[in-house]
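Keeping their order, the protein sequence lines are chains Y and W.
Throughout the first sequence, residue numbering follows numbering that gives the first Met the number 0, covering 0 to 144 in sequence.
Throughout the second sequence, residue numbering follows numbering that gives the first Met the number 0, covering 0 to 144 in sequence.
Heads up, the beta-carbon is just placed ideally off N, CA and C, and yes, glycines get one too.
Owing to the predicted nature of the structure, the values given are computational and were not obtained by experimental measurement.
Number of protein chains: 2
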Amino acid sequence: MREIFFLTPEQAEEAFYRAFQTLDLTLMEQVWSTAPQVACVHPGGDLLLGVPAVLDSWRRIMHGAKPPTVTFRRLQVQEDEGTRVHLVEEWIRPTGEAGTDATRVIATNVYRRHDGGWLLQLHHASLPVVRAKRATDDEEPQRLH
Amino acid sequence: MREIFFLTPEQAEEAFYRAFQTLDLTLMEQVWSTAPQVACVHPGGDLLLGVPAVLDSWRRIMHGAKPPTVTFRRLQVQEDEGTRVHLVEEWIRPTGEAGTDATRVIATNVYRRHDGGWLLQLHHASLPVVRAKRATDDEEPQRLH
Numbered sequence: 000m001r002e003i004f005f006l007t008p009e010q011a012e013e014a015f016y017r018a019f020q021t022l023d024l025t026l027m028e029q030v031w032s033t034a035p036q037v038a039c040v041h042p043g044g045d046l047l048l049g050v051p052a053v054l055d056s057w058r059r060i061m062h063g064a065k066p067p068t069v070t071f072r073r074l075q076v077q078e079d080e081g082t083r084v085h086l087v088e089e090w091i092r093p094t095g096e097a098g099t100d101a102t103r104v105i106a107t108n109v110y111r112r113h114d115g116g117w118l119l120q121l122h123h124a125s126l127p128v129v130r131a132k133r134a135t136d137d138e139e140p141q142r143l144h
Numbered sequence: 000m001r002e003i004f005f006l007t008p009e010q011a012e013e014a015f016y017r018a019f020q021t022l023d024l025t026l027m028e029q030v031w032s033t034a035p036q037v038a039c040v041h042p043g044g045d046l047l048l049g050v051p052a053v054l055d056s057w058r059r060i061m062h063g064a065k066p067p068t069v070t071f072r073r074l075q076v077q078e079d080e081g082t083r084v085h086l087v088e089e090w091i092r093p094t095g096e097a098g099t100d101a102t103r104v105i106a107t108n109v110y111r112r113h114d115g116g117w118l119l120q121l122h123h124a125s126l127p128v129v130r131a132k133r134a135t136d137d138e139e140p141q142r143l144h
């Protein structure tokens, strides 16, 4: 039986980024749903499906790593009774050292209600190498879509 | 009043990729929700928030383009009463020409129920430059997370 619950999607999200920043694999495991539909895409990474593949990826990311500095900001929230979708901007310094540049990441985080608590079901992160442009700009860089 | 509805998330998804492949901006506009929480991330792109920004991006992508070849495959479905989350693998040939390599894209598509129909609320696409690795592999490429 799971003993840890997060009363809101925001609490689950705080715990997710705290687990990443403190390299706390136990907390990371508690944040994720145990449902078979769990999925994760790391920046530049492939689709990982299922709890074992997702948690194994975090285990490998955290193993021997220096604690990164991670800050995040919710840019949009899509609400439904049992599902919450957060569009999040992350700033990550891999080694946590001041003076190094932080990398900006865009993430979709999907939370689901389970037995009165909220757990993470999907984390899809990507690197925005193309900045949003205005409609008045003349040239458009080559884009896939 | 919107006159077009999609009875299932799958129908909305078929229409979304058909609109992209046929450069049909009218159909593309019909696929997207008109709710203020609409969001889109193109591969390598920044977060676009709101219907005007999202549809403007598609208008710019489609303007003067050759019809691409787009195929897709749902790899996972997360269901809730009013929300559906699809993890989708896309294969895109930008100019649609046979013999050119197709690019593989991983996308999260979120659909919401509206007045009995389903509409697209979020499309988050990214390029998997790192392939999923096995836990038995010795070396891990440098990854942000």
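Where do the N-terminal and C-terminal ends of the alpha helix (DSSP H) with residue i fall, by residue?
i: residue 125 of chain W; result: Segment 116-125 is the beta strand (DSSP E) holding residue 125 of chain W; no alpha helix (DSSP H) there.
i: residue 31 of chain W; result: Neither: residue 31 of chain W is in no alpha helix (DSSP H) and is coded neither H nor E.
i: residue 18 of chain Y; result: 8-21
i: residue 53 of chain Y; result: 50-61
Starting from residue i, find everything on chain W with Cβ-Cβ shorter than 9 Å and list it in chain order.
i: residue 40 of chain Y; result: 86, 105, 107, 123, 125, 127
i: residue 81 of chain Y; result: 79, 80, 81, 82
i: residue 20 of chain Y; result: The premise fails here: residue 20 of chain Y is roughly 10 Å from chain W at the closest Cβ pair, so nothing lies under 9 Å.
Given a threshold of 16 other Cβ atoms within 10 Å of its Cβ, counted over all protein chains shown, does residue i qualify as buried or as exposed?
i: residue 40 of chain Y; result: buried
i: residue 96 of chain W; result: exposed
i: residue 14 of chain Y; result: buried
i: residue 44 of chain W; result: buried
i: residue 128 of chain W; result: exposed
i: residue 35 of chain W; result: exposed
i: residue 46 of chain Y; result: buried
i: residue 141 of chain W; result: Residue confidence for residue 141 of chain W is low, a pLDDT of 48 falling below 50, so the modelled location carries little weight and cannot support an answer.
i: residue 7 of chain Y; result: exposed
i: residue 92 of chain W; result: buried
i: residue 70 of chain Y; result: exposed
i: residue 111 of chain Y; result: buried
i: residue 204 of chain W; result: Residue 204 of chain W lies beyond the residue range present for chain W, which begins at 0 and ends at 144; the question has no answer from this structure.
Taking Cβ to Cβ, would you say residue i is nearer than 8 Å to residue j?
i: residue 20 of chain W; j: residue 109 of chain Y; result: no
i: residue 50 of chain Y; j: residue 37 of chain Y; result: yes
i: residue 119 of chain Y; j: residue 56 of chain Y; result: no
i: residue 64 of chain Y; j: residue 89 of chain Y; result: no
i: residue 67 of chain W; j: residue 94 of chain W; result: yes
i: residue 82 of chain W; j: residue 82 of chain Y; result: yes
i: residue 126 of chain W; j: residue 104 of chain W; result: yes
i: residue 87 of chain W; j: residue 73 of chain W; result: yes
i: residue 4 of chain Y; j: residue 115 of chain Y; result: yes
i: residue 48 of chain W; j: residue 75 of chain Y; result: yes
i: residue 123 of chain W; j: residue 62 of chain Y; result: no
Residue i versus chain Y: which residues are under 7 Å apart at the beta carbon?
i: residue 74 of chain W; result: 46, 48
Could you tell me the boundaries of the beta strand (DSSP E) in which residue i lies?
i: residue 86 of chain Y; result: 82-92
i: residue 113 of chain W; result: 102-113
i: residue 78 of chain W; result: 68-78
i: residue 128 of chain Y; result: Here residue 128 of chain Y belongs to no beta strand (DSSP E), and DSSP marks it neither H nor E.
i: residue 38 of chain Y; result: 38-40
Could you list which residues in chain W have their beta carbon closer than 7 Å to that of residue i, in chain order?
i: residue 120 of chain Y; result: 77
Is residue i near the ligand HEM - that is, is its Cβ less than 7 Å away from at least one heavy atom of it?
i: residue 37 of chain Y; result: Looking at this structure, you won't find the ligand HEM or any other ligand, since it has none at all.
Taking 8 Å as the CB-CB cut-off, is residue i touching chain B?
i: residue 52 of chain W; result: The structure shown has no chain B; the protein chains it does contain are Y and W.
Inset, instruction - Mind checking the stretch 25-55 of chain Y against chain W and listing, in chain order, the residues whose C-beta falls within less than 7 Å of any C-beta there? - result: Within the stretch 25-55 of chain Y, 36, 38, 40, 41, 42, 43, 44, 45, 46, 47, 48, 55 place their CB atoms closer than 7 Å to a CB of chain W, listed in sequence order.
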